[in-house]
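Respectively, the protein sequence lines represent chains D, E, C and U. Count the first sequence with this note's numbering and you get residues 690 to 1234, in order. Count the second sequence with this note's numbering and you get residues 690 to 1234, in order. Count the third sequence with this note's numbering and you get residues 18 to 477, in order. Count the fourth sequence with this note's numbering and you get residues 18 to 477, in order. The block underneath contains the structure these notes are about, expressed in structure tokens.
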Amino acid sequence: MSENTKLPDPSTLKKEILAKYPAKVARKRSKSLIINDQKLDQEIQSNVRTIPGIITQRGCTYAGCKGVVLGPTRDIINLVHGPIGCSFYAWLTRRNQTDPGPEGPDGENFMTYCFSTDMQDDNIVFGGEKKLAEAIQEAYDIFKPKAIGVFSTCPVGLIGDDVHAVSRQMKEKLGDCNVFGFSCEGYKGVSQSAGHHIANNQLFRHVVGNDDTKPESKFNINLLGEYNIGGDGFEIDRIFNKCGINVVCTFSGNSTMGAFEKSHTADLNLVMCHRSINYMAEMMETKYGIPWMKVNFIGADSTAKGLRKIGEYFEDDELKARIEEVIAEEMPAVEAKVEAARKRSVGKLAMLFVGGSRAHHYQELFKELGMETVSAGYEFGHRDDYEGRKVLPTIKVDADSRNIEELKVIADPERFNPRASDIKLKTLQEKGLEVSDYRGMMPDMADNSLIVDDISHWETDKLIEFYKPDVFCAGIKEKYVVQKMGIPLKQLHSYDYGGPYAGFQGAINFYSDIEMILSTTIWKKLKAPWLTKETDPCICAEFVA
Amino acid sequence: MSENTKLPDPSTLKKEILAKYPAKVARKRSKSLIINDQKLDQEIQSNVRTIPGIITQRGCTYAGCKGVVLGPTRDIINLVHGPIGCSFYAWLTRRNQTDPGPEGPDGENFMTYCFSTDMQDDNIVFGGEKKLAEAIQEAYDIFKPKAIGVFSTCPVGLIGDDVHAVSRQMKEKLGDCNVFGFSCEGYKGVSQSAGHHIANNQLFRHVVGNDDTKPESKFNINLLGEYNIGGDGFEIDRIFNKCGINVVCTFSGNSTMGAFEKSHTADLNLVMCHRSINYMAEMMETKYGIPWMKVNFIGADSTAKGLRKIGEYFEDDELKARIEEVIAEEMPAVEAKVEAARKRSVGKLAMLFVGGSRAHHYQELFKELGMETVSAGYEFGHRDDYEGRKVLPTIKVDADSRNIEELKVIADPERFNPRASDIKLKTLQEKGLEVSDYRGMMPDMADNSLIVDDISHWETDKLIEFYKPDVFCAGIKEKYVVQKMGIPLKQLHSYDYGGPYAGFQGAINFYSDIEMILSTTIWKKLKAPWLTKETDPCICAEFVA
Amino acid sequence: MLLRHTPKEVAERKALTINPAKTCQPIGAMYAALGVHGCLPHSHGSQGCCSYHRSALTRHYKDPIMAGTSSFTEGSSVFGGQANLLQALANMFTIYDPDLVAIHSTCLSETIGDDLTQIVQKAIDDGKVPEGKKVIYCNTPSYIGSHITGFSNMCTGIVRGLAKHTGNAIDQVNLLPGWVEPSDMREMKRIASEMGANIVMYPDTSDVVDTPQTGEYKMDPDGGTSVKDIASSGDSIKTLACGAWASEDAAKLLDSRCKVPYEVIDIPVGLSATDRFVTALADAAKVDVPDSFISERGRLVDVISDMSQYLHGKKVALFGDPDQLIPLTEFLLDLDMIPTHIVSGTPGKKFTARIKELCAEKAPNVNVKNGERADMFLLHQWIKNEPVDLLIGNTYGKYIARDEDIPFVRYGFPILDRIGHSYFPTVGYTGGIRLLEKMLGVMMDKIDRDAEESKFELVM
Amino acid sequence: MLLRHTPKEVAERKALTINPAKTCQPIGAMYAALGVHGCLPHSHGSQGCCSYHRSALTRHYKDPIMAGTSSFTEGSSVFGGQANLLQALANMFTIYDPDLVAIHSTCLSETIGDDLTQIVQKAIDDGKVPEGKKVIYCNTPSYIGSHITGFSNMCTGIVRGLAKHTGNAIDQVNLLPGWVEPSDMREMKRIASEMGANIVMYPDTSDVVDTPQTGEYKMDPDGGTSVKDIASSGDSIKTLACGAWASEDAAKLLDSRCKVPYEVIDIPVGLSATDRFVTALADAAKVDVPDSFISERGRLVDVISDMSQYLHGKKVALFGDPDQLIPLTEFLLDLDMIPTHIVSGTPGKKFTARIKELCAEKAPNVNVKNGERADMFLLHQWIKNEPVDLLIGNTYGKYIARDEDIPFVRYGFPILDRIGHSYFPTVGYTGGIRLLEKMLGVMMDKIDRDAEESKFELVM
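Written out as structure tokens, the structure is:
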């Protein structure tokens, strides 16, 4: 289908989907399935409780806190206080890459290790604080880490273990080790999202600002919400490097405690994954006066766009010129590859149901491949991720969000220093730089595309039946379910162990991988020949509008 | 059974064996099955035609010539003239090890390659000389070797290809490459043995004596009939080295053309494998005046004995002293190991049916382990290998031996130089040094032990049934047949891919391997438990005299 | 080094677990539940548990793993999870129409004290469970035992929920396979049918987690033991329970509730354990062992005798689950290999006792530990103190294997980076040959890699 | 470097073969003869031939390989081998009592022109062949074709000597498996019986060269196709001949002598060839393909679709025998791998044509050569000019694999340094999964070995 064909109206599909649900469920789900229409300001229900038993993609608060935000930091020991499973499942499963750092191959890296208090029943009955304290001591004695983070799992809150008190005591006792806790019990909030917020809070409270050493170089930025999965961060660093842009700290791909501590000395915060990290951006702006901009380094064009935003912000001609040079150097390879890939990809259909930003960001890459995103949605996004931050004031705080701590942040008496005047920021914003702003996914999607928040298995099944997409993007739990339907699934959490997909090189990698998927012979041979001679419908289906 | 128990009389066994044979076969085989009796001078029929269809261990003349004698030489291209199989089967299957030599890792080594003219039917019909000449040229063009040996396979002789003429022409044409042929067609003689003789002749004719450069060092010897299987030669070299004995050339383990060419400058020839190399020793003595002695470096004691013989020969006190030092250094480790191994091995029974010397040599190792050799025989030995060279005059030349060329060798007018006076040699011989002599296997074997030449499968089967040995030594063809009878078989051609077994370190290796074999659990678990609870009889059987 | 901070010196730990050799109960319950035909597992707790368990099983099997969750919120944690579970049951039956749902609890619901018996009864009373549908359940507190305990608890839950004792004995044997791969369950069924032994085996995940790619997804896959067959197991003449950790409790329950006598045997890994399995099955089913098993066994014995020189005296470190480690250790001893370091995160005093008893003669100095802090960190430290020739364990072992350059055979759960375990059994005689092929393969690859050129072997 | 003298530049050779990708006829005839129950192969030539062939087969199977030889001497080479053969037959029947002897010739007896038909007739006339015993034979001149030709010729000899056409058709299909492993023959029989297809398969070396270790040696092992069954193949309704090189001639003879129509199909290696095999067998036997095959096939397809990213676009060099290389190449193409260099020492114009046809779309630049001087030396030179990601071939490939650091899968004949091929089939759908496991295993091992620490993957 050509890039500007109108999408079919999925109303009947939506009806069929809801028809299967009990009335109450249908009513609730209908608010989370939105047929996109640029003319209307539609509200999509999101960041609300998942319906029990519906078979969701979602995980828990602990996963968002420990797994997503703190996981990528090399030199902190992440000690999980709870039964063994929580720590076991988060052990090396997120592909956050890290380089050895300046200390070389012997530099601190605890990411290959899994730490747990392995709570037993007597800890549940009599409390686990003593065991936690002992475990912190043992971790310190063996590894001498700069910092230890303590993560609470479900039982911890219920039995009343005070991880913060224990952390405080141990921090004092150990002296040279920053110990702090996270109340990220799995039942908090409604998804990983709450865990992101909790992680933001504790990093801001216990780490950011601990080291006022100013960077020597010019153009100092932080990159927020980039987790270096599959080496994305490495590729972005490569590009920044080439441009002469200095990354003080990435939250939190390939990060170190030292970088977090200095991050408030940067002059600009760039926000990749708005969902998981916007809290940090806002708090840093309030306390230290660092403005933030939404960027997206997924997709070659948006990477270029993101770089230019930085140029605009710093208002430095040399930097702008360098940025243009870099873009000019990088694009030919990108264009050559996309050209080749488009031979197979143009007109093909994609669906994305993943994360809190990826489902939006990756549409850029599919656009560059001439593929249509017919349906998309987030696993743990909020309305602002769909509709844009303009709706923030109208989002009502419900029981689940209410109990996630909101830090009271005020301007730092000494260290608050507005890096840009309100006028400047206003002008930049008018230029469309998304200063302190994010417009969300829906404005970027075609009319009649179907937006689904927190999609269920049943809905996935029906959507595939209706759209017969050529590529379905989701996570490991969905991977083989969807593929059994004859549709290749591209994992956008783990990248199917490939990547990087960010920046220019990443775009090239993504084009190749999609080209590979679309040219894989086996999808045409799924049926036993003695059953039917015709080739499998799923792959060759062209959408008929 | 203790080391000096009398062996049982195997006459009934012999009867039973012969009973199965057709009369003519029985009559013939009876002459090759000898019940050993030191009091009698018994003759054993050997080096005679194998009975068609009897299922023999034997191979062919080509195998003895190309495989055994020339195979171990690193820097000659061994080009097989014939159909592909003969060259394919001799490709890397004999474990002759070679070190890179002085040129280091880039030194010439063609042993990993397999060269053939791959004769086709038209070559059979119209002759293969042209193809052979072309092949020699191509081998030369690609590899620039110092020498090319051409080996005749069965059809070559029959169709009248003259490999010697072609070799001569190509040698002239190429100029710097020594090309020579071997008429080692598989049907010649009655076993590999004829091939050894042919190889000896051609090496002596075309290579030995081509370089008169004298060695610098003292105590210069050649080691004859040691093929560096499993690194035996390396171990012996290590020991010689330690003793200050200089090996001019080994025939032919880890050898080079250069070493062969200089070998006539040595002052003593030590003969390991009498069967395959005694021709060379005699011819060198006649032409150059180099005496030879039989030695056996299999077994720690015989290794010591062999070294002492050298000391005696060179009549040098320093050398003798050094040899005693070396023996004193090496023996403790040997004794420690044999002590440990004997816990399992003493009184166990061994049988050896292999080669032309190994069946004799390896009895030394079993003796050191306190094991009894109840039966043994050669695959391609002659009467002198059994009964000793004293019988040489009485061996009648039959049709098969007659057609193996006997080189007419005379003393070299310039280069003949007797290294030792007849008197000296006579005294040494009286000291029991086996100067120009070999006493054979039978004198070393117990009374009532059964000696079988060119054993057949049927005889193997009956012998095992009768003796229930703990270890059976033979080759790859017998390996799994015997093991299926529940008897571990130790390969003495390939050492089961272990070794070295020569010298002191080799003895230690052999003790360990036998200890391992005797302690391997699985032999006690051959029977399915639901069939019988009692452990397998074969392994725990102690011989009852 | 990937694990560069692991010191050689072993310091005693009282509280900290590092690089565990176990995970928590619920995943085992989920896996066991998948072995019942038409069963949808349900995780009564936070979303994360379900998501993590599904992900881990999916990565191991590269196949769909479906399960529901009660999606606890802070509210439910305070007021209890009954409302969520009732809702979940109603939704699952309405939307996905499984034959039955198998609920397991979590540390959360256990800590707040949800009573599954009462809630399930209420669900039935409230008509949340459609006619002809079933709900079974078990308690799987994550802070007790391990994933194996959870598997065992769900096996017990299956018996409690489905096995019926009618009093009319059926001439069949119950076979509880323990936590093994679908390929292993397939092989156990083949062995039984080859033997003419009439069995009911459960759980049975073959054709559930190793499903064919046909372009059509079946949410209710062909495999799994039918509810009917499980019901009949209450009338069987005997139960053979493979593995004391995974299967004994369920067998006990069949005995106490349905009067089916039981015998606990080892999972048939390796020669001796398979010998006992075959004999026990033949005895229980009152059939003779057919001659074909003499050949099957003989082929394994043949490979062992042919290759023993490459195995004899080689030191092995292994980690995993007790029911596998015990027969595997015995197999290594039959091969004259030396079990040198053994850890399992799963508790149970019987384990070290059994291992030490097995090793008493041939490997008296074996290092063995299980339960809390019997983790891969300790195993790695042991290896640094006494190096081994072979490492056997789940995929996490690859970090130790690479750091220490040890030939590594992937075995156990989870295997995340290679395929084969779903399709090729390691149980039975043929499974023993597969294990041998794997062990010999990696050790010989190292021999080939490290051999001096002069010692490089064509024939081995 | 082990093959340090192999230059990158390819110089045309007209006469010299270096590192052959074939051996000579008689060994194939010996292997085929072992697939007849109670048959003792006999080599009519010098002792060396028999010794070499028995040794090579023994190293590959690590099992007893029995055969007799005429032990030619110079005399017999001049006056002919009749006396030796008559004596040999008498001795073999007297001493070893086989049901039948299968004689193959050698370059020697062929060159001197021994007439086997006449000699065997004389043996019978002279009463050298006991009542009820049989002698079959074929000509296997080593200077024509290859080991595969010899296998084919003995298959023809078996048909000529044993197949009978009585005129009463039997509702069965003849299956000529081609030169495959005993495990493959076992699997073909399993497929047929699973399908309910009534077949006679020969030769069948299962239970002949993969015999059990029981402590009792059987010179006449349980396996091999019975003379009776082979006789009946003359009355079958159809012959399916796997592999044009190994099986077509025998099928033709069954057609011309016994009027059994035949179809030549590929050995069922990989997805597409197995699809054709299954369909052809079902058609020939007039049975439906049972649903179990949908699952078997689907499991293979599943592994392919799950793992394709590790296969897609990877270059492969392979060497071996035409009947295997053709379906293997097709399989690699189904996996989106790129067959890059292919050699086989076995002649036959059809080979390169078929390979090029298969590769036309996806690997148009494939280097392929067979027959004289299509050897491993050339393959190695090709690899030096265009490196590959994977090498597939017999054990001799390990020298190239180590020199060039190429992941290496042992496949074909001979395999001298690893076990498994006798027990685990590579034919059929499950065999396809085994091939995938092997290929993925060695390639992923290299990924794991070479990965920077930051890129070392837990999940793959």
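Cβ coordinates follow ideal geometry from the N, Cα and C atoms, glycine included.
### Endpoints, the alpha helix (DSSP H) within which Phe-310 of chain U is located
As a position in the fourth sequence, residue 310 of chain U is number 293, starting the count at 1. 309-328 is the span of the alpha helix (DSSP H), which, as asked, contains Phe-310 of chain U.
### Message
Given this structure, state the Cα-to-Cα distance separating Leu-1058 of chain D from Arg-1031 of chain D, to the nearest angstrom.
### Response
Within the first sequence, the letter at position 369 stands for residue 1058 of chain D. Within the first sequence, the letter at position 342 stands for residue 1031 of chain D. For Leu-1058 of chain D and Arg-1031 of chain D, the distance between alpha carbons rounds to 5 angstroms.
### Query
Cβ of Thr-296 of chain C less than 7 angstroms from any chain E Cβ?
Within the third sequence, the letter at position 279 stands for residue 296 of chain C. So, interface residue.
### Message
Taking the straight line between their C-alpha atoms, what separation do you get for Gly-458 of chain C and Lys-331 of chain C?
### Response
Counting from one through the third sequence, the residue named residue 458 of chain C turns up at place 441. Counting from one through the third sequence, the residue named residue 331 of chain C turns up at place 314. Cα to Cα, the separation comes out at about 14 angstroms.
### Query
In terms of residues, what are the limits of the alpha helix (DSSP H) holding Met-83 of chain U?
Here residue 83 of chain U refers to the residue found at position 66 of the fourth sequence. No alpha helix (DSSP H) contains Met-83 of chain U, which DSSP labels as neither H nor E.
### Whether Arg-964 of chain E touches Asp-1074 of chain E by CB criterion (7 angstroms)
Within the second sequence, residue 964 of chain E is the residue found at index 275, counting from 1. Within the second sequence, residue 1074 of chain E is the residue found at index 385, counting from 1. In this structure, Asp-1074 of chain E lies closer than 7 angstroms to Arg-964 of chain E by Cβ.
### Task
Sort E:Gly-1195, E:Asp-1006, E:Met-1020 by Cα distance to Tyr-1051 of chain E and report the nearest one.
Mapped onto the second sequence, residue 1051 of chain E falls at position 362. That would be E:Gly-1195, whose Cα lies nearest to the Cα of Tyr-1051 of chain E.
### Query
Since Lys-1168 of chain D is in the beta strand (DSSP E), which residue starts that stretch and which ends it?
Here the question's residue 1168 of chain D lines up with position 479 in the first sequence. It is not in any beta strand (DSSP E) - Lys-1168 of chain D instead sits in the alpha helix (DSSP H) that spans 1165-1173.
### Span separating the alpha-carbon of Asp-1225 of chain D from that of Glu-91 of chain C
On the first sequence, residue 1225 of chain D is found 536 positions in, with the first residue counted as 1. On the third sequence, residue 91 of chain C is found 74 positions in, with the first residue counted as 1. Per-residue confidence for Asp-1225 of chain D stands at a pLDDT of 43, beneath the threshold of 50, marking its modelled position as unreliable; no derived number is given.
### Task
Leaving aside the five residues before and after Glu-705 of chain D along the sequence, list all residues of the same chain whose C-beta is less than 7 angstroms from its C-beta, in chain order.
Translated into the one-based positions of the first sequence, residue 705 of chain D becomes position 16. Counting only Cβ-Cβ distances below 7 angstroms, and skipping sequence neighbours, we find Lys-1151.
### Message
So, at 8 angstroms on beta carbons, what are the nonlocal neighbours of Ala-948 of chain E in its own chain, with the 5 sequence-adjacent residues on each side left out?
### Response
Counting from one through the second sequence, the residue named residue 948 of chain E turns up at place 259. For Ala-948 of chain E, where only same-chain residues beyond five positions count, the Cβ hits under 8 angstroms are Val-937, Cys-938, Thr-939.
### Start-to-end residues for the beta strand (DSSP E) that takes in Glu-280 of chain U
The count along the fourth sequence starts at 1 and reaches residue 280 of chain U at position 263. Run containing Glu-280 of chain U: 279-282, per the beta strand (DSSP E) assignment.
### Query
Using CA coordinates, which residue listed in U:Val-225, U:Ile-112, U:Tyr-440 is at the minimum distance from Pro-147 of chain U?
Sequence index remark: in the fourth sequence, residue 147 of chain U carries index 130 (1-based). Looking at the Cα atoms, U:Ile-112 is the closest of the given residues.
### Query
List, in order along the chain, the chain U residues whose C-beta lies closer than 8 angstroms to that of Gln-809 of chain E?
Looking up residue 809 of chain E in the second sequence gives position 120. Ordered by position in chain U, the residues that pass the 8 angstroms Cβ test against Gln-809 of chain E are Tyr-160, Ile-161, Glu-389.
### Message
Strictly under 7 angstroms for the Cβ-Cβ distance: is Met-1174 of chain D near chain C by that measure?
### Response
As a working note, residue 1174 of chain D is residue 485 in the first sequence. Closer than 7 angstroms: yes.
### Message
Using beta carbons (cut-off 7 angstroms, strictly below), is Asp-465 of chain C in contact with chain E?
### Response
Looking up residue 465 of chain C in the third sequence gives position 448. Answer no: the Cβ-Cβ gap between Asp-465 of chain C and chain E never drops below 7 angstroms.
### Query
How would you call Leu-1038 of chain E, buried or exposed, if buried means at least 16 neighbouring beta carbons within 10 angstroms?
Your numbering for residue 1038 of chain E matches position 349 in the second sequence. Buried: at least 16 other Cβ atoms inside 10 Å.
### Query
Going by the CB atoms, is the gap between Val-225 of chain U and Gly-241 of chain U shorter than 7 angstroms?
As a position in the fourth sequence, residue 241 of chain U is number 224, starting the count at 1. As a position in the fourth sequence, residue 225 of chain U is number 208, starting the count at 1. Yes, they are a contact pair.
### Those residues which DSSP pairs with Lys-983 of chain E across a bridge
On the second sequence, residue 983 of chain E is found 294 positions in, with the first residue counted as 1. According to DSSP, which records beta bridges pairwise, Lys-983 of chain E is partnered with E:Val-960.
### Task
Name, please, each residue of chain E whose Cβ falls closer than 9 angstroms to the Cβ of Glu-91 of chain U.
Taking the first residue of the fourth sequence as position 1, residue 91 of chain U is located at position 74. Correct list: Gly-846, Glu-874, Tyr-876, Lys-877, Gly-878, Ala-1088, Asp-1089, Asn-1092.
### Task
Identify which residue in C:Asp-392, C:Arg-435, C:Leu-179 has its Cα closest to the Cα of Met-417 of chain C.
The count along the third sequence starts at 1 and reaches residue 417 of chain C at position 400. The sequence as given places Ile at residue 417 of chain C; Met does not occur at that position. Here the closest residue by C-alpha is C:Asp-392.
### Query
How should Asn-170 of chain U be labelled, buried or exposed, when 16 other C-beta atoms within 10 angstroms of its C-beta is the threshold for buried?
Counting from 1 along the fourth sequence, the entry for residue 170 of chain U is found at position 153. With 16 or more other Cβ atoms within 10 Å, it is buried.
### Query
Which residues in chain A sit within 8 angstroms of Ala-299 of chain U, going by Cβ to Cβ distance?
In the structure shown, chain A cannot be found, because the protein chains are D, E, C and U.
### Message
To the nearest angstrom, how far is the alpha carbon of Leu-1114 of chain D from that of Arg-1108 of chain D?
### Response
Residue 1114 of chain D sits at position 425 when you count from the first residue of the first sequence. Residue 1108 of chain D sits at position 419 when you count from the first residue of the first sequence. Rounded to the nearest angstrom, the two C-alpha atoms are 10 angstroms apart.
### Top-ranked residue by Cα proximity to Asn-382 of chain U, from U:Asp-340, U:Glu-265, U:Lys-373, U:Met-477
As a working mapping, residue 382 of chain U is identified with position 365 in the fourth sequence. Among U:Asp-340, U:Glu-265, U:Lys-373, U:Met-477, the Cα nearest to that of Asn-382 of chain U belongs to U:Lys-373.
#### Entry: Alpha carbon of Val-1023 of chain D to alpha carbon of Phe-1193 of chain D, nearest angstrom
As a working note, residue 1023 of chain D is residue 334 in the first sequence. As a working note, residue 1193 of chain D is residue 504 in the first sequence. In this model, Val-1023 of chain D and Phe-1193 of chain D are separated by some 7 angstroms (Cα to Cα).
### Whole-angstrom distance between Lys-235 of chain C and Gly-480 of chain C, CA atom to CA atom
Only positions 18 to 477 of chain C appear in the structure, and residue 480 of chain C is not among them; the question remains open.
### Query
Just how far apart, CA to CA, sit Ser-721 of chain D and Gly-753 of chain D?
Here residue 721 of chain D corresponds to residue number 32 of the first sequence, with the count starting at 1. Here residue 753 of chain D corresponds to residue number 64 of the first sequence, with the count starting at 1. Whole-angstrom Cα-Cα distance: 22 angstroms.
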